[in-house]
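The structure appears below as structure tokens.
Numbering (the working numbering), first residue to last: 2 to 180.
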């Protein structure tokens, strides 16, 4: 699961979650340089997950929305219609996530960094102590060190999102610099 957004949800009882998606982009695996912006979403770009659930007031709760399937249909003339299928889960357990974006800042003494996700989500505090760091040229063995974790470096971080919204990195990939 990639971290695409975060939000504070007040305690209470809920019956439905509405998800609004704006400006979807499609990048095909066989041509990653081409970005298709003429993607229409079903249901007027608003999706909902209908289920009765409660967010308790006395404990941190992690609410996960998971795209279980993507139904993509090419309608012709380079246009696509996308229908994601949502599944929701209420959990008080940490969740595995991917965070991709640019490093905003690094605190070497605390072994933390702040990443600005490409998805536009809020900045994410990442604890990187002990995580293997793969450089762009690494294939099987990570050779990177914390010295390569610098502001503006593009990274993909696989880790665990905890209930406070912080990520503990399990693996860090430094992406090639874009010229």
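Glycine included, every Cβ here is placed at the ideal spot set by N, Cα and C.
Buried or exposed for residue i, please, with buried defined as at least 16 other CB atoms from any protein chain shown within 10 angstroms of its CB.
i: residue 118; result: buried
i: residue 19; result: exposed
i: residue 102; result: buried
i: residue 27; result: exposed
With a Cβ-Cβ cutoff of 9 Å, do residue i and residue j count as a contact?
i: residue 37; j: residue 79; result: yes
i: residue 167; j: residue 159; result: no
i: residue 136; j: residue 175; result: yes
i: residue 173; j: residue 96; result: no
i: residue 178; j: residue 155; result: yes
Give the secondary structure of residue i by DSSP, where H, G and I count as helix, E and B as strand, and everything else as coil.
i: residue 119; result: coil
i: residue 55; result: strand
i: residue 159; result: strand
i: residue 1; result: Residue 1 lies beyond the residue range present for the chain, which begins at 2 and ends at 180; the question has no answer from this structure.
i: residue 22; result: coil
i: residue 33; result: strand
i: residue 66; result: strand
i: residue 165; result: coil
i: residue 102; result: strand
Rounded to a whole number of angstroms, what is the C-alpha to C-alpha distance between residue i and residue j?
i: residue 29; j: residue 58; result: 42 Å
i: residue 110; j: residue 130; result: 10 Å
i: residue 22; j: residue 34; result: 22 Å
i: residue 143; j: residue 17; result: 43 Å
i: residue 122; j: residue 7; result: 6 Å
i: residue 145; j: residue 126; result: 20 Å
i: residue 140; j: residue 134; result: 11 Å
What does a CB cutoff of less than 6 Å around residue i pick up in its chain, not counting 5 residues either side in sequence?
i: residue 83; result: 40, 42, 73
Could you pull out every residue in the same chain whose Cβ sits closer than 8 Å to the Cβ of residue i, ignoring the five residues on either side in sequence?
i: residue 124; result: 105, 115, 116, 117, 118
Within the same chain, show all residues whose beta-carbon is closer than 7 Å to that of residue i, passing over the 5 residues directly before and after it, in chain order.
i: residue 107; result: 114, 150, 151, 152
i: residue 10; result: 56, 64
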